[in-house]
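The working numbering runs 2 ahead of the 1-based position in the sequence shown.
What follows is a short report on a single structure.
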Amino acid sequence: MTTHSVCVFCGSRSGQDPAYRAGAEALGEIIAERGWRLVYGAGDIGLMGAVANSCQMAGGDTFGVIPTHLLKWEVGKTDLSRFIVTENMHERKKVMFMNCDALVVLPGGAGSLDEFFEVLTWRQLGLHQKPIIILNINGFWSPLVALVDHVIEQGFAESTLREFFHVVDDVAGATEVLDATFS
Numbered sequence: 003m004t005t006h007s008v009c010v011f012c013g014s015r016s017g018q019d020p021a022y023r024a025g026a027e028a029l030g031e032i033i034a035e036r037g038w039r040l041v042y043g044a045g046d047i048g049l050m051g052a053v054a055n056s057c058q059m060a061g062g063d064t065f066g067v068i069p070t071h072l073l074k075w076e077v078g079k080t081d082l083s084r085f086i087v088t089e090n091m092h093e094r095k096k097v098m099f100m101n102c103d104a105l106v107v108l109p110g111g112a113g114s115l116d117e118f119f120e121v122l123t124w125r126q127l128g129l130h131q132k133p134i135i136i137l138n139i140n141g142f143w144s145p146l147v148a149l150v151d152h153v154i155e156q157g158f159a160e161s162t163l164r165e166f167f168h169v170v171d172d173v174a175g176a177t178e179v180l181d182a183t184f185s
């Protein structure tokens with residue numbers, strides 16, 4: 003019986019640093035070992051495929067959500083515990099968000115940035131209290147954190163914005179935040 007669900011936002015590519023893929027695989031394994039459900043973008047390529055395959059290999063429950071127009075591009079992974087096809091990207095993000103208890107952001111591109119900023123904005127507006135964890139593998143997200151700090155310093159957001167997400171350097175750090183959240 004799955005007790006908690008972790009939504010993972012990440013790239014449909016693996017990136018240049020092998021540590022990104024290793025982190026995705028380790029996170030997928032931890033999600034399965036803890037008995038949590040993986041909620042993710044349903045792709046079978048890049049970090050998306052790595053986190054899902056790792057979770058599945060460890061016996062985990064997987065819930066994938068993909069829009070129709072990305073079924074071929076992201077190689078929709080149809081062997082998941084649950085596989086949902088949406089009409090568009092907005093619906094994908096909504097279904098992923100509504101089916102999770104916490105969010106982890108692995109390295110990724112524009113789509114991962116979009117997903118992060120949408121859930122961060124919703125948190126800022128008081129629409130949810132779910133933890134948002136940035137997995138800053140080898141400093142990948144350090145420029146993003148610096149940008150958020152800059153936005154605050156320049157008066158475009160309250161300093162509390164920085165309190166709405168956790169920045170951790172490795173999967174162990176993400177696991178600590180998730181364990182504390184779910185205990």
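Beta carbons are placed, not taken as given, at the ideal position from N, Cα and C, and that holds for glycine.
Only a predicted model underlies this, so the values are computations on that prediction, with no experimental measurement involved.
- By the Cβ criterion, the region 100–108 is in contact with the region 169–183, since at least three pairs of Cβ atoms, one from each stretch, lie closer than 8 Å.
- Here F119 is exposed, its C-beta having fewer than 16 other C-beta atoms within 10 Å.
- Contact annotation: the region 36–45 touches the region 58–69, with at least three C-beta pairs closer than 8 Å.
- Of H6, S16, D116, the smallest CA-CA separation from I139 is found for S16.
- Secondary structure note for L137: its beta strand (DSSP E) is the uninterrupted segment 134–137.
- C-alpha of P133 to C-alpha of E76: approximately 27 Å in a straight line.
- Under the three-state reduction of DSSP, G13 is assigned to coil, being neither helix nor strand.
- Look at G30 here: in three-state DSSP terms it is helix.
- In the DSSP assignment, A182 falls within the unbroken alpha helix (DSSP H) covering 173–184.
- Contact check for L29 against V170 fails: the beta carbons are separated by 7 Å or more.
- Note that the C-beta distance between A60 and E27 is not below 7 Å.
- Following the DSSP letters along the chain, one finds V169 in no alpha helix (DSSP H) but inside the beta strand (DSSP E) bounded by residues 168–170.
- The beta carbon of G13 is closer than 8 Å to those of Y22, G48, L49, M50, L108, P109, G110, G111, G113, S114 in its chain, skipping five residues each way along the sequence.
- The C-beta distance from I86 to G78 rounds to 10 Å, too long to meet the 8 Å contact threshold.
- Beta-bridge analysis with DSSP links G78 to G45.
- For L82 and Q58, the gap between their C-alpha atoms comes out near 8 Å.
- At the C-beta level, C102 and S7 come within 7 Å of one another.
- Comparing alpha carbon positions, the residue from E117, Q126, L137, L73 closest to T162 is Q126.
- By the neighbour-count criterion, in which a residue is buried when 16 or more other Cβ atoms sit within 10 angstroms of its Cβ, S144 is exposed.
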